[in-house]
Structure formats: C-alpha cells, structure tokens
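Quick notes on the structure that follows.
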Amino acid sequence: MAKTLAQKILQRHSLDEVGTAGQIVCCKTSMVLANDITAPLAIDSFRKMGAGKVFDRQKVALVCDHFTPNKDIDSAEQVKKVREFAREMGIVHYYEGGNVGVEHALLPELGMVGPGDIVVGADSHTCTYGGLGAFATGMGSTDIAAAMALGETWFKVPETIKVNIIGNLDKYTTPKDLILYLIGIIGVDGALYRALEFTGSIVDEMEIEGRMTMANMAIEAGGKAGLFPADDKTVAYCLEKGFENPEKIFSDDGALYCREVKIDVTGMSPQVACPHLPDNVKAVDELERVKVDQVVLGSCTNGRITDLRQAAEILKGRKVNRDVRFIVLPATPKIFEQALEEGLINIFIKAGAIVGPPTCGPCLGGHMGILASGERCLATTNRNFKGRMGSLDSEVYLGSPMVAAATAIAGEIIHPGKV
Amino acid sequence: MKYTGKAHKVGDHIDTDAIIPARFLVTSDPVELGKKCFEGLEQGWASRINNGDILVGGKNFGCGSSREHAPIAIIGSGMPAVIAHSFARIFYRNGFNMGLVLLEIGDDTGKISDGDQLEVDASTGEIKNLTTGDIIKSLPVPEFMADILSKGGLVNYVRGKVA
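Keeping their order, the protein sequence lines are chains A and B. Counting in the numbering used here, the first sequence runs from 1084 upward without gaps. Counting in the numbering used here, the second sequence runs from 1142 upward without gaps.
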C-alpha cells in the first residue's frame, strides 16, 4: 500500500501492519517530553501506574520553560517536583535555568529529534518537529506518563490533508504568513484528527526553521501532526545539530489523501490572525489603524535566529513607538548568544525593546508581559484565544516577526514594507 | 452509570484557555482547579454549577493546549460529563483518561437548550432530555478506548504492564 508520511513513520515504529486511516496502532516512542506545567501531573500518574523507572533515561526530556524563571511560589514548587523526579530517575535531558530554552526550539537545536522519529509531548505544540520529518504530536500528562513508563503509545492512523504550496514568495511574506493563511482557509477544526502534509516548490525551498514554524501551528487547525518531507536540507540541519544518522523520508507516490489544498503564494501579503481565533485571518493591508500597546517577538513558533534577524533588519536604526512595549524573547540560550554575536540584541536594545530570557512566559499569559483590560498585543506566538495573554478584555493579534517589528515602530499593525 | 443534572451550554471552539486559564496551572488539585473552571470564558462562571450538572459544548470542544488540567477542572467543578458536537483530539483523549464522560452527538446539540434537565447513561451513550422528552444517541466510544476503559482506565492498564 502506498503510504502517506504519517503512515510511513508510524510503520517504522510499529509491529502492527499500518493500514488505512482509523486503524489503531501501537508504536514505540523515540522521545517523550513534558514541561513544568504538564510534568507534575505526569509524575503523579506515573507513580499511580506503579512505574519504578522510565523506559530510557536518554529518551525522556523534561523542560521547565513555561513559568520559568519561576514566577511565584507555586510554580517554583512545581519545578522543584520535576527536578527531584529527574534526579531520582536519572533523566539525562532535564533543563532548567541557564540551559533551558523553549522546548520546541531547544530539542531540535540539541539534535534530540530528527526525521522518522515518533515524538510525543505533554504540550500541544510538540507537532513542531514535523518540520524535521518526525511524526510528533501533543498528548495529555497521563498519556505521557504511560509513554515514559512503557516507551510506547497508541495512535489512530490519521487521514492526511495534502497542502501543496507553489508560486513566488514576496520578500515580506514568511512561513508564518503561509500557515496563518492556511488556517484561515481550512479553519480551526479543518484538520481535526487529521495530519497535514506539506509539499510543493515553496516547501522545497523553505529552510528548516520556517518549516518548524509552519508545523508548529498544525494544532491551530486541530491537526494531529504537520509533516514535512525530510530532504537534503533536513539531513544537513540534523547532522549539524548532532542528530545521529538522519535519513531522507518522502511519502509514496499514489498515497491516499482525504483532501488537497493548493496555495499559490504569488502576490500574498503578510497575514494577521485577528481576535479571538487563529482562523480569523486577514491580509495585513486590510487592517485599518489597529493600535497596539504591546508587541511580543518569541515563542516556539517564532523565537529562532531567523525570526530575530528578520525583525532586527526592519528595526535597525529605528525606534520603538513610545506607546508600545516591545518584548523580545530569544527562544534558547544559544539563539540569545548568536543574536548577541550578530549584533541583533544591540539593535533591539538601542531601538528601545525589552530583551528577556528564553521562556514561554507571555504567550500563555504566564508572566513577563501580561495584558490589562482594553490592551492589545501583536505577537509572533500561536494562539489568540480570548484572555490568552491576560485580561479577558484584552486582545491578541498574531503575525510574523517582520510584522511585529514594523508594528512596534508604527504603534499600529502595519505592513513591514510601509515603515 | 447514570447522571442527571442541568445542562450548561457553551459555544463552538471552546479552548482550554477558556476552560482553565494558564495562570491557574500552578496546582493539580481538582477542587482548586474546579473553582476556576471556565474562568477564561467569564469571571465566576463556575458559581452556577451544582454537583452533577452536565456541560454541553459545540464544535471542536477543548481545542488548544494539551493541559490535562482542563478535564480535571471540569470534574472538580462537579460536572461528570461533557456532551459536544465534536471534541478536539487531545482533549478527547485526556478527558477519557481522567474518567470524564464524553459524548459526541453532532447536530443533535440543537436538541438541548441551556438549563434543560438531562439524564445521561454513560454505558449506553444515551441522553434523555427530561425537559423536552427528546432521546439522543451519541457516537459509540472507539473500540480500543472501550477496551482500555474495561481494564479500569489508562493508569490501571499501564499498571498491569509494568508489574
């Protein structure tokens, strides 16, 4: 049977014969992940299961990135619980403090995930690793506890939507704009229980960081996974990060898809998701004088070096609007260091931005940039649900790093070509 | 197992930030989380709930994050069951693992109004609207999940395997 990328990767890790969509299969896991919010619950379930050890000390990652640096006593207690568990179990990949980064930027950077892997994480944006050709998906803490104990989990083989992206990309239009555009077309439940598989000339040309940005938001369309083929670019990226023996993986010719979406990007403007759902997407030019109080650049979606470079390029020699708080959070310590070396941090600080440590912080309304009632933010993050970043009467718009930088300068949401 | 209670209706695409905002995720205590249930929808929402009441959602209920605190908050608020047009994938799996009764009924959500008195039979998946007299059949629980349920849920299923 000709297989989609999802079917192909599931088959690699299963003794079951992986067939058509809807079948339940049991698969071995390559990496199992949890963070400071979800690990405490997973640890409780793990204990209740009577498990004495994790299936592999090298293949469980505990990344304290959400409320860190700890925002209050309760979050510090949660991190302490995770730290003590990591020590007790001898978990190799425990991150907190100076080595911690936003989990979905950190794991690829450390060469811990790669093509053909099955990665499950107690975090919905685990789907990010689809950018590397891994079948990666989010689950709850108890499912993750089971995977930590057994090294396996169950999946329903998903139907796949093929997304074919072609045309000529404008210099201000980025992978973030493409994924927002797609979610705008198919809706927040358009890929419910399904996988997305990206293909086409734009995908072939796209760098790995951009692919991860797109795969990251598959969940915002309800998707189980967002998969990119693993090609020469993937192999080169993974080798550089120290991932062992990365292989190329493509779907089979003749594989069955439940739907095909074709997107011609020629002439496409930067896109913005307006409150309060990620599918409420408009071209940035359609917005009329939407003033903002805050801009956030960072997160597992857009906190990588490419994102910082793109924003700095717009910001260079300019000033952040005096009515705007522009918060820049490089997603990992290494990205921070690289941004320092390249002079990007200098550009941000001179422009009047606030540069903070790697953390998920404001994206989920945790800390380091919470909105008051009536306030509005343009963020490069992934969700704009009501109250996501603070008050129930605040608003979040989602956009690319270039739109973020332009907006920080103008004080209103604006096309990066217009500042 | 049968549950009888008042229906509390919410809309489509209710996300996990609406069910339990992230700022409350500093505990895993069901009672504490239950007090803040739907605080992301409306301040003080949970005060309307009486023990045994039943939540009725629209399409894609529970979309967004993987936080297991969402089904725990619903259970902690006193609601044993959620009926919805459809469920978001991660929430469905989480709810199931936490022992929350989940019933998917598609367009039949239109046969339930806010405040109706409902009787839910978790074993047959049948919902009686005691206010209108309507009887609604939900989609069956997937076979594999029913199997895990028959083994006492995921925790017990794994317990059997690691022993």
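Cβ coordinates follow ideal geometry from the N, Cα and C atoms, glycine included. What you are looking at is a predicted structure, and each value in this text was computed from that prediction instead of being measured.
DSSP lists A:1237 as the bridge partner or partners of residue 1109 of chain A. Per DSSP, the continuous beta strand (DSSP E) segment holding residue 1278 of chain B begins and ends at 1276-1278. Here residue 1212 of chain A has 1196, 1202 and 1219 as same chain residues with Cβ atoms under 6 Å from its own Cβ, once five neighbours each way along the sequence are excluded.
Taking the Cα of residue 1189 of chain B as reference, the smallest distance to any Cα among B:1286, B:1146, B:1207 and B:1170 is reached at B:1146. Close to chain B, meaning a Cβ-Cβ distance shorter than 8 Å, are the following residues of the region 1454-1477 of chain A: 1466, 1468, 1469, 1470, 1471 and 1475. For residue 1485 of chain A, the enclosing alpha helix (DSSP H) stretches over residues 1484-1493.
Using a Cβ-Cβ cut-off of 8 Å, residue 1183 of chain A does not count as an interface residue toward chain B, since no Cβ of chain B sits closer than that to its own. Proximity to residue 1158 of chain A across A:1450, A:1115 and A:1492 peaks at A:1450, based on C-alpha coordinates. Counted as a single uninterrupted DSSP element, the alpha helix (DSSP H) harbouring residue 1166 of chain A occupies residues 1156-1172. At a C-beta separation below 8 Å, residue 1173 of chain B has no neighbours in chain A, since its nearest C-beta there lies roughly 10 Å away. Checking the DSSP bridge columns, you'll see residue 1460 of chain A partnered with A:1377 and A:1479.
The C-alpha of residue 1211 of chain B lies about 42 Å from the C-alpha of residue 1251 of chain A. Within chain A, no residue has its CB atom less than 7 Å from the CB of residue 1202 of chain B, the nearest being about 10 Å off. Contact check for residue 1240 of chain B against residue 1174 of chain B fails: the beta carbons are separated by 8 Å or more.
Rounded to the nearest angstrom, the gap between the Cα atoms of residue 1142 of chain B and residue 1159 of chain B is 28 Å. Annotation: the continuous beta strand (DSSP E) that includes residue 1218 of chain A extends over 1218-1221. Using a Cβ-Cβ cut-off of 8 Å, residue 1166 of chain B counts as an interface residue toward chain A, since at least one Cβ of chain A sits closer than that to its own.
In this structure residue 1231 of chain B is in contact with residue 1223 of chain A, their Cβ atoms being roughly 6 Å apart against a cut-off of 8 Å.
Rounded to whole angstroms, the Cβ separation of residue 1299 of chain A and residue 1465 of chain A is 6 Å, and the two are in contact under 8 Å.
Listed along chain B, the residues sitting closer than 7 Å to residue 1132 of chain A by beta-carbon distance are 1296, 1299, 1300 and 1303. With respect to chain A, the C-beta atom of residue 1152 of chain B has no partner C-beta closer than 8 Å. Taken in chain order, the whole alpha helix (DSSP H) runs of length 4 or more contained in the region 1153-1217 of chain B are 1157-1160, 1171-1176 and 1210-1217. Within the region 1273-1290 of chain A, those residues whose Cβ lies closer than 7 Å to any Cβ of chain B are, in chain order, 1275 and 1276. With the rule of 3 Cβ pairs closer than 8 Å, the region 1278-1288 of chain B does not count as touching the region 1153-1167 of chain B. With 16 or more neighbouring CB atoms inside 10 Å of its own CB, residue 1087 of chain A falls in the buried class. Residue 1399 of chain A sits in coil when the DSSP states are folded into three classes, being neither helix nor strand. Contact annotation: the region 1183-1197 of chain A touches the region 1415-1430 of chain A, with at least three C-beta pairs closer than 8 Å. Annotation: the continuous beta strand (DSSP E) that includes residue 1146 of chain B extends over 1143-1150. For residue 1342 of chain A, the CB contacts under 6 Å within the same chain, skipping 5 residues up- and downstream, are 1244 in chain order. Unbroken beta strand (DSSP E) stretches of 3 residues or longer found wholly inside the region 1292-1365 of chain A: 1308-1310, 1342-1347 and 1354-1356, given in chain order. For residue 1281 of chain B, there are no C-beta contacts with chain A under 9 Å, since the nearest C-beta of that chain is about 13 Å from it. Chain order gives the chain B residues near residue 1207 of chain A as 1205, 1206, 1207 and 1231, where near means a beta carbon separation below 7 Å. By the Cβ neighbour-count rule, residue 1130 of chain A is exposed, with fewer than 16 other Cβ atoms within 10 Å of its own.
With contacts defined as CB atoms closer than 8 Å, residue 1178 of chain B and residue 1271 of chain A fail to qualify as a contacting pair.
Contact between the region 1242-1260 of chain B and the region 1257-1270 of chain A is not established, with fewer than three Cβ pairs separated by less than 8 Å. Using beta-carbon distances, residue 1099 of chain A does not count as an interface residue toward chain B, since no partner is under 8 Å.
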